[in-house]
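According to the working numbering, the sequence shown is numbered sequentially starting from 208.
Heads up, the beta-carbon is just placed ideally off N, CA and C, and yes, glycines get one too.
Nothing here was measured: the structure is a model prediction, and the numbers come from that model.
To start, the structure itself, in structure tokens.
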Amino acid sequence: MSLVFERRDRVGSTNDEARQLAESGAPDGTVVIAREQTSGRGRRGRSWFSPDAGNVYMSYIHRSRLPPAQLAGLTLDAGTAVAEALEDTGVAAVTKWPNDLLVGDRKLAGILTELIVDGAAATVIVGVGVNVRRPASGWPSELADIAVSLQEATGLEHDADALAVSIAQRLKVSLAAYDVRGAPDRAAYERRMTGIGATARAADGRRGRVLGVAIDGALRIEIEGAEQRVVGGEVLLVGTGIEGRP
Ligand code: BTN
Numbered sequence: 208m209s210l211v212f213e214r215r216d217r218v219g220s221t222n223d224e225a226r227q228l229a230e231s232g233a234p235d236g237t238v239v240i241a242r243e244q245t246s247g248r249g250r251r252g253r254s255w256f257s258p259d260a261g262n263v264y265m266s267y268i269h270r271s272r273l274p275p276a277q278l279a280g281l282t283l284d285a286g287t288a289v290a291e292a293l294e295d296t297g298v299a300a301v302t303k304w305p306n307d308l309l310v311g312d313r314k315l316a317g318i319l320t321e322l323i324v325d326g327a328a329a330t331v332i333v334g335v336g337v338n339v340r341r342p343a344s345g346w347p348s349e350l351a352d353i354a355v356s357l358q359e360a361t362g363l364e365h366d367a368d369a370l371a372v373s374i375a376q377r378l379k380v381s382l383a384a385y386d387v388r389g390a391p392d393r394a395a396y397e398r399r400m401t402g403i404g405a406t407a408r409a410a411d412g413r414r415g416r417v418l419g420v421a422i423d424g425a426l427r428i429e430i431e432g433a434e435q436r437v438v439g440g441e442v443l444l445v446g447t448g449i450e451g452r453p
């Protein structure tokens with residue numbers, strides 16, 4: 208099925224707009240793209256800086272054939288898809304588990320994946336925000352040390368709408384492949400993953416050496432010779448300069 212683009216000037220959150228469209232029957236591959244968000248949302252209840260300034264704010268509707276319980280790893284493939292689209296613009300972004308996109312120690316893009324479950328059927332909303340331009344008045348103070356734009360990373364101007372379309376095309380291929388495999392492409396994810404071999408500290412206090420990711424999207428860490436899994440919450444990469452990044 209082809210992509211269907213729903214363009215908006217200003218919304219609260221493209222994820223909320225996509226949810227409403229999905230609940231009204233919008234097909235697989237529907238993509239909401241907005242120029243501005245007034246209540247852009249990040250993971251763990253954070254807000255996402257979303258001025259009308261040439262950035263990407265988009266949400267992709269994926270109608271999955273898999274049971275909801277098998278969708279935990281999908282967010283990793285979404286991260287790989289966004290990283291690939293960013294690579295096409297000339298930037299080598301890395302993923303920080305589960306799906307932040309970084310350039311060096313700064314955040315270029317973030318992904319907020321939300322699930323709508325209706326009986327056995329699952330719809331995934333993949334929300335993607337990419338900092339394309341440095342704000343004309345500079346970054347707000349809370350982002351000044353932690354955010355980066357594509358413009359800053361490449362030294363070039365980029366068209367947000369073209370990038371959103373490219374991300375949507377990558378997501379379409381990658382999420383369809385996820386549905387066939389029933390699992391993320393771990394090798395593709397780990398190739399771009401920052402922190403393998405570093406010490407991670409999980410939100411529950413565990414510290415261990417990062418081994419990679421598991422088939423269900425969990426982070427694999429080694430503690431005293433034994434493998435353990437981290438399934439959620441903030442993970443700090445100790446001593447890498449990207450501790451505590453939002
Ligand atoms: C994060 O890194 O915390 C995730 C950020 C996700 C931001 C995007 S912008 C488009 C979509 N709509 C939202 O409200 N959030 C996501």
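Going by Cα to Cα distance, which pick from Ala383, Thr296 and His269 is closest to alanine 233? Ranking Ala383, Thr296 and His269 by Cα distance to alanine 233 puts His269 first.
Mind the definition here: the segment 430-440 touches the segment 292-300 only if three or more C-beta pairs lie below 8 angstroms; say whether that holds. Cβ pair count under 8 angstroms is below three, so no.
Would you kindly work out how many angstroms separate the C-alpha atoms of alanine 276 and alanine 328, rounded to a whole number? A direct Cα-Cα distance of roughly 11 angstroms separates alanine 276 from alanine 328.
Inter-stretch contact at 8 angstroms, needing at least 3 Cβ pairs: the segment 235-251 / the segment 219-226: Judged by pairs of C-beta atoms under 8 angstroms, the segment 235-251 touches the segment 219-226, as three or more such pairs exist.
Using CA coordinates, which residue listed in Asp366, Ser220, Ala371 and Gly404 is at the minimum distance from phenylalanine 212? It is Ala371 whose Cα lies nearest to the Cα of phenylalanine 212.
Starting from arginine 215 and walking both ways along the alpha helix (DSSP H), at which residues does that stretch end? Arginine 215 -> not in any alpha helix (DSSP H); beta strand (DSSP E) instead, spanning 211-218.
Exposed unless 16 or more other CB atoms sit within 10 angstroms - verdict on leucine 444: Label assigned to leucine 444: buried.
So leucine 322 and valine 331 are supposed to be a Cβ contact under 8 angstroms. How far apart are they, rounded? Between leucine 322 and valine 331 the beta-carbon gap is near 6 angstroms, inside 8 angstroms, which marks them as a contact.
Could you check if tyrosine 264 belongs to the surroundings of the ligand BTN, using beta carbon to heavy atom distance under 7 angstroms? Correct: tyrosine 264 has its Cβ closer than 7 angstroms to the ligand BTN.
With which residues is glycine 286 paired in a DSSP beta bridge? In the DSSP output, where bridge partners are listed per residue, glycine 286 has none listed.
If you measure from the CB of leucine 319, is any heavy atom of the ligand BTN nearer than 7 angstroms? For the ligand BTN, at least one heavy atom lies less than 7 angstroms from the Cβ of leucine 319.
Write down the C-beta distance between leucine 315 and valine 337 rounded to the nearest angstrom, noting that I regard them as a contact closer than 8 angstroms. The Cβ separation is near 7 angstroms, so the contact holds.
Under a Cβ-count criterion, where at least 16 other Cβ atoms within 10 Å of its own Cβ denotes burial, should arginine 381 be classed as buried or exposed? The residue asked about is misnamed: residue 381 is serine in this sequence, not arginine. Buried, since its Cβ has 16 or more Cβ neighbours within 10 Å.
If we ignore side chains and look at the alpha-carbon of each, how far apart do leucine 283 and aspartate 392 end up? Approximately 8 angstroms, taken between the alpha carbons.
To which residues of the same chain is tryptophan 346 closer than 7 angstroms at the C-beta, ignoring the five residues directly before and after it? Within the same chain, Ala354 come within 7 angstroms of tryptophan 346 by CB-CB distance, once the 5 residues on both sides are set aside.
On the three-state DSSP scale, how would you describe serine 344? DSSP places serine 344 outside both helix and strand once states are collapsed to three, so it counts as coil.
Leucine 418 and glutamate 434: beta carbons closer than 8 angstroms? For leucine 418 and glutamate 434, yes; Cβs fall inside 8 angstroms.
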